[in-house]
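Residues 107 to 277 (our numbering) make up the sequence shown, in order. Please read the structure below before turning to the comments.
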Amino acid sequence: MVLRVDVMDAALHAHYGIDPVRLRETRRVIALAPGGSLLDESYVQELAAEPALTLLCGRYEGFDERIIEHFAGETLSIGRYVLSGGEPAAMVVCDAVLRKLPGALGHAESVMEESFSEALAGDPEYPHYTRPAEYRGWRVPEILLSGHHERIRMWRGEQSRQRGERGEGER
Ligand code: 4GS
């Protein structure tokens, strides 16, 4: 089944009280689809800067193309695979975007030096360790126990770069 343009029109109109053709002039309206622009950290950052978003998704094969043309300004994909419903994709977008908003995170989860951040030049995060320093013979790297903050900072930078080059997580 394909999501009908008249049904989407009625739903958007009922919710926002204006013609959906005008709605996209007031806020970013995004249709979720496997073939859309791939979500990455910079896309997330861009969306987090918007005052409001509208995400369109449904438990259907897809949208009548007129929905994309007239009601949505763009299509977004969370990855090149097919879900049975667009709702989990919308939840992924919400989770990634909402944690960028002021007050969403505590100090423990700083967004400054995390994977793909500017601080790490777009590379993935360096490896993390915590107590105990040795567990089943597996030791935390000696440098991290050294107390040399500058050397630790450089080590983390190298690790992050190496992971970026290797493309950790790629198959
Ligand atoms: C995606 C995706 C997706 C496509 C929804 C088939 C149900 C499904 N949406 N990124 N109909 N990947 N949507 O698979 O955003």
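Beta carbons are placed, not taken as given, at the ideal position from N, Cα and C, and that holds for glycine.
Provide the residue span of the alpha helix (DSSP H) that contains Ser148, from first to last. Boundaries of the alpha helix (DSSP H) harbouring Ser148: 147 to 154, taken from the DSSP string.
What's the gap between the Cα of Gly123 and the Cα of Pro208? Approximately 29 Å between the Cα atoms of the pair.
Start and end of the alpha helix (DSSP H) containing Ile174? Residues 171 to 176.
Just to confirm, does Ile249 get its C-beta within under 6 Å of one of the non-hydrogen atoms of the ligand 4GS? Ile249 Cβ: outside cutoff for every heavy atom of the ligand 4GS.
Alpha carbons only, please: which of Leu226, Glu152, Ser252, Val246 is nearest the one belonging to Ser266? Here the closest residue by C-alpha is Leu226.
Taking only runs of the alpha helix (DSSP H) that begin and end inside the region 213 to 264, which ones reach a length of at least 4 residues, in chain order? Entirely contained in the region 213 to 264, the alpha helix (DSSP H) runs reaching 4 residues are, in chain order, 248 to 251.
Of the choices Trp261, Ser223, Leu211, Leu189, whose alpha-carbon is the least far from that of His234? Checked all of Trp261, Ser223, Leu211, Leu189; the closest Cα to His234 is Trp261.
Answer yes if the region 116 to 135 comes into contact with the region 146 to 166, meaning at least three C-beta pairs across the two stretches below 8 Å, and no otherwise. Touching, yes, given that three or more Cβ pairs across the two stretches are closer than 8 Å.
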